[in-house]
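Just add 52 to wherever you are in the sequence shown, counting from 1, and you've got my numbering. Just so it is clear, CB atoms sit at the ideal spot from N, CA and C, and this is done for glycine as well.
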Amino acid sequence: PEGLKAMLGPVLADAGLSLANPLATSIDRFREAVRLEPNEYWHSFMLANALSAAGDHRAAGLVLEHCVALRPAYPRGLEARGLNLVLQGLSERRQELVALGTADYDRALQLAPHDPWTHWSRAHLMRLLGKPADELSEYALALAADPDALWRALPAVDVAGGLSSVAEIESAREAAAARVVANPGDAVAWTVQAAAALALGEEGAARSSSERALALRDAPPLARIVHGIVLLRAGDAAAALPELEAGEPLAIAARALALEKAGRVAEGRALLEALAANARTDAQRAWARARLATK
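Listed below in structure tokens is the structure:
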């Protein structure tokens, strides 16, 4: 906002920071950080992102090589290098660079298959590559795994560790909305639209979209899970339970709460204890532990 800019401008100027050209200023500061601590991967990661945002993909690529060399098993570094290669390849019409960039995303998927940000990132990649069906499949995986998305629709205490934001969820909803207009028979698109609506607190839209998905032959399991959570939130635990039979952590968490609400407290607690011990991610296990602690 202009008022805040006017207030902070002089303060930042005294520190050598300019709001008039923030990207160039950030690049200068990240370069200095790399000079001071050349073996810290995070400085290179941030410098590369700034260079890529400025359109200097070649320079960003060189910095990302250094970042990946310092921490080769860091999925976000691989994704950043992959995105930079894809953007450069699309800009220069060099398909070999696009292929190399996609391979970096595939390596990140191998390293962190259950990390929601892996799938948010892959959804963005698929959008760049013009693959809407694959984009929506990745959005479905991200929404189901991310504790800042559908897990927040469950009546439990908040647990830190989510990676999404409203921007990612709205991107998923927009992609799904465009897809259902172009292909009303796409069950995954209806499911992503339902899941995004639920994550944004729009339960009526979530219910209608999940029902549209379930009316189609190839509805993914997430459609039934979203429908079950909507029923649970409406207070109909008996109707929700049959919808929550899937083995996904999200379905198990919701089923545990539905069992509690239906008076089957011991069964619900057993599911929460199993989830706390065996869920795929730290955030999911923490959610189950926090829910158990409220009992």
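Cβ pair count under 8 Å reaching 3, the stretch 274-281 against the stretch 249-262: yes
Spatial neighbours of LEU116 in its chain, beta-carbon cut-off 8 Å, leaving aside the 5 residues before and after: So the list reads SER96, PHE97, ALA100, GLY129, ALA132, ARG133, ASN136, once near-sequence residues are dropped.
Under 7 Å between C-beta atoms of VAL240 and SER173: no
contact_flag[the stretch 162-182, the stretch 193-209] where n(CB pairs < 8 Å) is 3 or more: yes
Burial state of ALA289, where buried means 16 or more other Cβ atoms lie within 10 Å: buried
Cα-Cα separation between ALA248 and ALA229, rounded to whole angstroms: Distance between the alpha carbons of ALA248 and ALA229 is about 10 Å.
Neighbour-count burial assignment, PRO74, 16 or more Cβ in a 10 Å radius: Exposed is the label assigned to PRO74, since fewer than 16 other Cβ atoms lie within 10 Å of its Cβ.
Alpha-carbon to alpha-carbon, ARG285 and LEU344: 19 Å
Euclidean distance between Cα positions of TRP339 and ILE304: 12 Å
Cβ neighbours of ALA212 in the same chain (closer than 7 Å, five flanking residues each side left out): Any answer about ALA212 is weak, because its pLDDT of 48 lies below 50 and its placement is not dependable; what the coordinates show is given next. Listed in chain order, the non-local C-beta contacts of ALA212 below 7 Å within the same chain number zero, local neighbours out to five positions each way being set aside.
Spatially closest choice to LEU268 from VAL282, THR243, SER223, LEU283, by CA coordinates: Here the closest residue by C-alpha is THR243.
Nearest neighbour of LEU152, chosen from GLY141, GLU255, GLN162 [CA to CA]: Minimum Cα distance to LEU152 is reached at GLY141.
Three-state secondary structure assigned by DSSP to SER260: helix
Residue burial classification, GLN245 (beta-carbon count within 10 angstroms, cutoff 16): buried
Whole-angstrom distance between LEU60 and PRO301, CA atom to CA atom: 45 Å
Collapsed DSSP secondary structure at ARG337 in the structure displayed: helix
Distance between ALA185 and PRO294 (C-alpha atoms, nearest Å): 28 Å
Same chain only: Cβ atoms within 6 Å of ILE281, ignoring 5 sequence neighbours per side: Cβ within range, chain order: ALA205, ALA306.
Pairwise C-alpha distance: ARG87 and LEU250: 46 Å
Residue burial classification, PRO127 (beta-carbon count within 10 angstroms, cutoff 16): buried
heavy atom of the ligand GDP below 6 Å from ALA175 C-beta: This structure lacks the ligand GDP, and indeed carries no ligand of any kind.
Endpoints, the alpha helix (DSSP H) within which LYS313 is located: 301-313
GLU144 (DSSP reduced to helix, strand or coil): helix
Cut-off 7 Å between Cβ atoms - residues of its own chain near PHE82, not counting five sequence neighbours on either side: HIS95, MET98, LEU99, ALA102
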